[in-house]
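A quick write-up on the structure given underneath.
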Amino acid sequence: MASMKYDLPLLDYKTRFSLWQVKMRAVLAQTSDLDEALESFGKKKTTEWTAEEKQKDRKALSLIQLLLSNDILQEVLQEKTAEELWLKLESICMSKDLTSKMHIKMKLFSHKLQESGSVLNHISVFKEIVADLVSMEVQFDDEDLGLLLLCSLPSSYANFRDTILLSRDELTLAEVYEALQNREKMKGMVQSDPSSSKGEALQNKEKRKSDGKASVVTSAENSDSGDCLVVFAGCVASHDEWILDTACSFHICINRDWFSSYKSVQNGDVVRMGDDNPHEIVGIGSVQIKTHDGMTRTLKDVRYIPGMARNLISLSTLDAEGYKYSGLGGVVKVSKGSLVYMISDMNSANLYVLRGSTLHGSVTAAAVSKDEPSKTNLWHMRLGHMSELGMAELMKRNLLDGYTQGNMKFCEHCVFGKHKRVKFNTSVHRTKGILDYVHADLWGPSRKPSLGGARYMLTIIDDYSTKVWPYFLKHKDDTFATFKEWKVMIERQTEKEKEGIVRHHTIPYTPQQNGVAERMNRTIISKARCMLSNARMNKRFWAEAANTACYLINKSPSIPLNKKTPIEVWSGMPADYSQLRVFGCTAYAHVDNGKLEPRAIKCLFLGYGSGVKGYKLWNPETNKTFMSRSVVFNESVMFNDSLPTDHSPPVLQPQDEPIAHRRTKRSCGALVRLIEECDIVYYAFSCAEQVENTLELATYTEAVVSGDREKWISAMQGEMQPLEKNGTWELVHLPKQKKPVRCKWIFKRKEGLSPSEPPRFKATLVAKGFSQIAGVDYNDVFSPVVKHSSIRTFFSIVAMHDLELEQLDVKTTFLHGELEVEIYMDQPEGFIVPGKEDYVCKLKRSLDGLKQSPRQWYKRFDSFMLSHGFKRSEFDSCVYIKFINGSPIYLLLHVDDMLIAAKSKEQITTLKKQLSSEFDMKDLGATKKILDLSHAMSLVSRYLANPGKEHWKAIQWIFRYLRGTADACLKFGRTDKGLVGYVDSDFAADLDKRRSLIGYVFTIGSCAVSWKATLQSVVAQSTTEAEYMAIAEACKESVWLKGLFAELCGVDSCINLFCDSQSAICLTKDKMFHERTKHIDIKYHYVRDVVAQGKLKVCKISTHDNPANMMTKHVPVAKFELCSSLVGIVV
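The opening residue of the sequence shown carries number 505 in my numbering; numbering runs sequentially from there.
If you want it as structure tokens, here you go:
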């Protein structure tokens, strides 16, 4: 039988199908040429087969079936011909889908040789994987397979791998196979002899290399003599050269006169070459060599072996001493950190020869005296810490008074001044033409916006020509749109659109992978920084400086381009330098202002235009940039007189007394004049910068290691005392399936109320409530606070009835709330109980940071007030009222602040005692209030998404308004005037959406208690409709205020609401003008019902006397002051 004759195994799922397939085809070929059936006898149809061909097909089919396992045979029972069966087996055992390809590729990449493994077996398995790849039609370059095989070798093969890579420019898989097999043969050739064991020495060498040790031979004083193997390629000997060798175990010198220090060795170790010739080590010492940079380097522990043919420098020894070596383009560099130690070049024999010479021992001793290091350092300092290479060049020219360079001592100042990070390995990436590879990077954000408002810089660099295109962006998300614009422009210029584009990504936080763009950004910013410093210009011109830097970089010679300029490589034309001027110098641009007017204006030179033959200038008078070609330059004078420099910005010194703002007088003092003349916005940002510089501590660790360590610890202890006093938690073991809430310390440094008062240090322990889970750690979180309108209504009633007013504060507010769910928290940092480190805090009371803490505090306080006879207001849940013998007592709660008012102080004192018995209280005194900015803030807040210069000017106006009205206040008088309202509307005030602006103000006792300025939700079609909708909005507020006012003082009268639109007033009474008002939403007709019930009366008022005009329109100063006085605002 065939299976017996050829011993072919049965095919199953574990059999290597590629080998079985080859053997099976061979068996069929040996059996009457049955392999022809696998190809359908020349791709003939079954109907065209002859009788002989049909018989061959049956024999081939049956023979294949006999060599299949049961599992495989079950899958192919339906196949009727040998060809169908053969194709079916390929689809089952060697599928060519993506999953199978991924599996075989993963097998290839993960195939590694272990330290103790067999190299031949490793190669065999690798060949099997490659054969499977070929069968599955997976293509790999022969060079890539060779590199993968080298990468699969362990670390002990590092020298072997380097020898292979550094000795040739191209690599094939067959060469790697041959090198590995020869290496194994060489190891087998080393046999034991009577004097020593070479095999043992080689094994020791491999073992020690794997342990990270490069040297394998020790001196005769501390080891027995033995042989060492040195791998060396023989060629024509040169006794004056040094060869860098990766397989050499130590440095070897063949000239005794070269040693600067030397020690003889008796019965030294024996070194064997590749030709098995033994050579004895005669001595060990140091040799000094003069390297490529003129520096003297010392090779230590150099073996003197007279019988050798070459002087060898062991790269493995240098590697053990911390040096790194890399090769590129026939040059090997040995470096340590950022310092290049030595350089070697490849000669005709493919050996790397040291670039330098040897200093003979006697010459070295004579040339370098004891005084040379001090003279070297002296000249080093005289020359401004010049590099040793530069000093060597001056010495060669005999320019240093006969000084001969010696060893320079370590210079710490050079480290401080010149130190930079160690370079990454050079990436080998070559392009053949422009736009073959493009680098892009986004720099920013800049802390200071540019003159045009940009905060980001997008740089696009062509890899071939290194030409750079800068783009300055306001927002980061404009990057892709800008790149598409650049792409369209470049494609039209170069006709490269047909080739397409592929995007490459870099790993996050790995800028080295985009080194071209990163270095270009560094070069651009460095040049821009130098130009700004030279011109003493403000940082807001950074974009112009960076753009000019890119313009000059494109015209600067580049070493990678063989000292050509990027613009020359890009366009093929040399760069033109005739139009270059000093950035930031004074420029005079030609203008035509009139016959008797000056013909030029003084400007600042900002660079060169793109696509325009002219210069970019900035006019300080108009604060605008423009292009001009008729310009006269004064390059010896920098334009800095009218610009504040970044090195000495105008500083506003802090004052001991507050600055008095006068509306009618102007102080003549120098400081007051400075403040009056300075832009108020610049002053605000200067103050903000001073505040920002006082950074708060972020962590407990920062607090305990800071200079104020004792004060912060005292503050934390002060915070812990009330927590322990109130029994906030108890220490327990954390129950299973429970997750503790973490906590942290919040540190706050509060400045004293006066310059003489020291700052106060406050530490607060808060829980990290963001980790709480809804429905598990908390349920409801809403907690009411008193409304500002309620507070002002309360003030008006206090003034109207001449009540006593006091203010209280609750200490450790949230600690008074009781939790309704179980919450566990980690122990606070710095206060972990010894012996209970694994315990957690089971909270009994609420704590700052918990989501339900405000609600639990309010529920506790509300239950206390209700239990003492107070009634909660139906219109404001934080207003409480209690009548004692007809005399009311009021209490308003705003989180932890309270306002109490009563007719007599005794009643207030009684309530204070009741509160103090339940809570820890603090008396604070009177309250101060300021006017709101509803209209102004609602107006400018509409443009937060895309603000412009006009909006910024509006914000400046708000700051100026605040400064000029710092003394403005609300005056609550003792009048019996009740609740009165004023309403107005500005038709289609929103120019974008054409919605109308409404505003209303309500007064009690001629003093404003509630106001609002906002846009209507829908577009009104007429002024009447806009006024009617404004009345409806004011009506809702009036109903709420009427109920609150009646509840507080017992007065329930009709409210007068004044409006300056007679047609709108008519609409509130009857359903007039139906055809013109039928589209108005039903919710606005609520005002008719309120008017019909007699709760509200809408009255006519003249436009000139309506104070609500200041809420909706831009009014003159006189009109604004009139409107303010009508609602009780005193300036």
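A virtual CB, placed ideally from N, CA and C, is assigned to each residue, including glycine.
Treat the numbers as computed from the prediction; the structure is a model and nothing was measured.
Cβ separation of Asp-646 and Ser-522, assumed to be a contact under 8 Å, to the nearest whole Å = Not really, about 19 Å apart at Cβ, beyond 8 Å.
For Phe-976, which residues does DSSP report across the bridge?
-> Met-961
Could you say if the region 1206-1220 and the region 1294-1301 meet the contact criterion of at least three C-beta pairs nearer than 8 Å?
-> no
Sub-8 Å separation of Leu-1121 and Val-1141 beta-carbons = The answer is no: Cβ separation not under 8 Å.
Leaving aside the five residues before and after Lys-1248 along the sequence, list all residues of the same chain whose C-beta is less than 7 Å from its C-beta, in chain order.
-> Val-1270, Lys-1272
Spatial distance of Gly-937 from Asp-967 (CA atoms) = 9 Å
Since Leu-1309 is in the beta strand (DSSP E), which residue starts that stretch and which ends it?
-> 1308-1314
Since Ala-1278 sits in a beta bridge, which residues does DSSP pair it with?
-> Note: Ala-1278 sits in a beta bridge opposite Tyr-1282.
Any chance you could list the alpha helix (DSSP H) runs of at least 4 consecutive residues sitting entirely within the region 1000-1066, in chain order?
-> 1019-1039, 1046-1057
Bridge partner(s) assigned by DSSP for Trp-1233 = According to DSSP, Trp-1233 bridges with Leu-1347.
Would you report the Cα separation of Lys-1252 and Ser-1350, rounded to the nearest angstrom?
-> 22 Å
Does DSSP classify His-884 as helix, strand or coil?
-> helix
With C-beta atoms as the reference, is Ser-861 less than 8 Å away from Lys-794?
-> Contact check for Ser-861 against Lys-794 passes: the beta carbons are separated by less than 8 Å.
Which of helix, strand or coil DSSP assigns to Tyr-968 | coil
In terms of alpha-carbon separation, which member of Ile-1071, His-1372, Ile-1502, Glu-1072 lies closest to Tyr-1532?
-> Answer by Cα proximity: Ile-1502.
So, is Asp-697 buried or exposed, given that buried needs 16 or more other C-beta atoms within 10 angstroms?
-> Because the pLDDT at Asp-697 is just 40, under 50, the model does not fix this residue reliably, and the value given afterwards should be weighed accordingly. Label assigned to Asp-697: exposed.
Straight-line gap, Cys-1107 to Thr-1090 (C-alpha atoms, nearest Å) | If you take the alpha carbons of Cys-1107 and Thr-1090, they lie about 6 Å apart.
Tell me, please, which residues DSSP counts as bridged to Val-1522.
-> Answer is none; Val-1522 lacks a bridge partner.
Run the CB neighbour count on Trp-1046, radius 10 Å, all protein chains shown included, and call it buried at 16 or more, exposed below.
-> When all chains shown are included, Trp-1046 counts as buried.
Roughly how far, in whole angstroms, is the beta-carbon of Asn-1230 from the beta-carbon of Thr-1317, given that I think they are within contact range, below 8 Å?
-> Rounded to the nearest angstrom, the Cβ distance from Asn-1230 to Thr-1317 is 11 Å, too far for a contact under 8 Å.
Hey, Tyr-1055 and Tyr-1112 are a contact pair by Cβ (cut 8 Å); roughly how many whole angstroms apart?
-> Taking 8 Å as the upper bound for CB-CB distance, Tyr-1055 and Tyr-1112 are in contact here, some 5 Å apart.
Thinking just about the alpha-carbon of each residue, which of Tyr-1204, Asp-1281, Ala-1207 is nearest to the one in Gln-1241?
-> Asp-1281
Where does Arg-1658 sit, in a helix, a strand or coil, going by DSSP?
-> With the chain running from 505 to 1635 in the structure shown, residue 1658 is simply not present.
Kindly indicate the opening and closing residues of the beta strand (DSSP E) around Thr-585.
-> No beta strand (DSSP E) holds Thr-585; DSSP gives it neither H nor E.
Just grab the DSSP bridge partners of Thr-1090 for me.
-> Leu-1108, Asn-1138, per the DSSP bridge assignment.
In whole angstroms, what separates the C-alpha of Leu-570 from that of Cys-597?
-> 17 Å
Three-way DSSP call (helix, strand, coil) for Val-1383 in this model = strand
Could you give the residue range of the beta strand (DSSP E) that holds Leu-1201?
-> First-last for Leu-1201: undefined, no H or E at that position.
Among the residues of its own chain, which have a CB less than 7 Å from the CB of Lys-1095, if the five just before and after it don't count?
-> It should be noted that the sequence gives Val, not Lys, for residue 1095. Here the set comprises Arg-1103, Ala-1104, Ile-1105.
Terminal residues of the beta strand (DSSP E) in which Cys-1603 lies | 1600-1604
Alpha carbon to alpha carbon, how far is Asp-1490 from Lys-1617? Give it in angstroms, no decimals.
-> 7 Å
Between the region 642-656 and the region 671-690, do three or more beta carbon pairs fall short of 8 Å?
-> yes
In whole angstroms, what is the alpha-carbon distance linking Gly-811 and Asp-797?
-> 31 Å
Check whether the Cβ of Ala-635 lies closer than 8 Å to any Cβ atom in chain D.
-> The chain labelled as chain D is not found in the depicted structure, where only one protein chain is given.
Count the other CB atoms within 10 Å of the CB of Lys-985; is the residue buried (16 or more) or exposed (fewer)?
-> The amino acid at residue 985 is misidentified as Lys; the sequence shows Ala. Ala-985 is exposed by the Cβ-count criterion.
Go through the region 1374-1419 residue by residue and report every complete run of the beta strand (DSSP E) that reaches 3 residues or more, in order.
-> Those beta strand (DSSP E) runs which fall completely within the region 1374-1419 and span 3+ residues are 1383-1388, 1391-1398, 1401-1406.
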